[in-house]
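A quick write-up on the structure given underneath.
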Amino acid sequence: MTASRELLIDAFGRIAGLVRSTVRGLDADMLGGRVDPDANSIAWLVWHLTRIQDDHVADVAGRPQAWTEEGWAERFGLPFDVSDTGYGHSSDDVAELARASATDLIGYHEAVHRRTEEFLRTIGDDDLGRVVDTNWDPPVTLAVRLVSVISDDLQHAGQAAYVKGVLERR
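In our numbering, the protein residues as written are 241 to 410.
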């Protein structure tokens, strides 16, 4: 086991832990609640961070996303294209996640986390320099893509935890 791989597995594990501790036991009012009418809800933040991880890691792993392969898209029943990750969503789009359950949000995240960890266990330090996206200058390597997902996910998981704290104090 390489140190790089262990650090990545640990970082993604911290995201999964924060998602579980933030979402577990929340009802629909808390999950869909917003700190102002156009703010992101806990449900949307967790769904979005999970969609980003699912999309980006599946792409670099060369495999289908859990969203489609494991039936999560159907289970959530959202009116979005199955490729939608939430980027650029409107306030009305965010409201669509108000009917998501804590069980589904945690279940989907855990499915994506499991797939992420499975992929990470297959890579070594030499793989981290592989270019995975030439649409940027400089081109994006596997290491940069994974760190980008970790950074984005941690920000959104922290936002969800913050929203939970604000809503609990109301």
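Quick reminder that beta carbons are idealized off the backbone N, C-alpha and C, glycines included.
- What whole-angstrom Cβ distance do Q305 and D295 have, given they're in contact under 8 Å? Confirmed, about 6 Å.
- Secondary structure, beta strand (DSSP E): runs of 3+ residues fully inside the stretch 339-383: As far as the stretch 339-383 is concerned, its whole beta strand (DSSP E) runs of at least 3 residues are 371-373.
- Query: To the nearest angstrom, how far is it from the Cα of L237 to the Cα of H329?
  - Reply: Lying outside 241 to 410, the shown extent of the chain, residue 237 is not represented and no answer is given.
- Item | Interface flag, S323 vs chain D, CB-CB below 7 Å | The structure shown has no chain D; it contains just one protein chain.
- Message: Across the stretch 301-319 and the stretch 342-360, are there enough close Cβ pairs to call them in contact, namely three or more that are closer than 8 Å?
- Response: The stretch 301-319, when compared against the stretch 342-360, does touch it at the 8 Å Cβ threshold.
- Query: Given V403, which residues of its chain have a CB within under 8 Å of its CB, disregarding the five upstream and five downstream residues?
  - Reply: Only G273, R274, V275, A279, N280, S281, I282 and L285 meet the Cβ criterion.
- Selected residue, minimal CA-CA separation from G253, among D367, D299 and E357: Measuring from the Cα of G253, the nearest candidate turns out to be E357.
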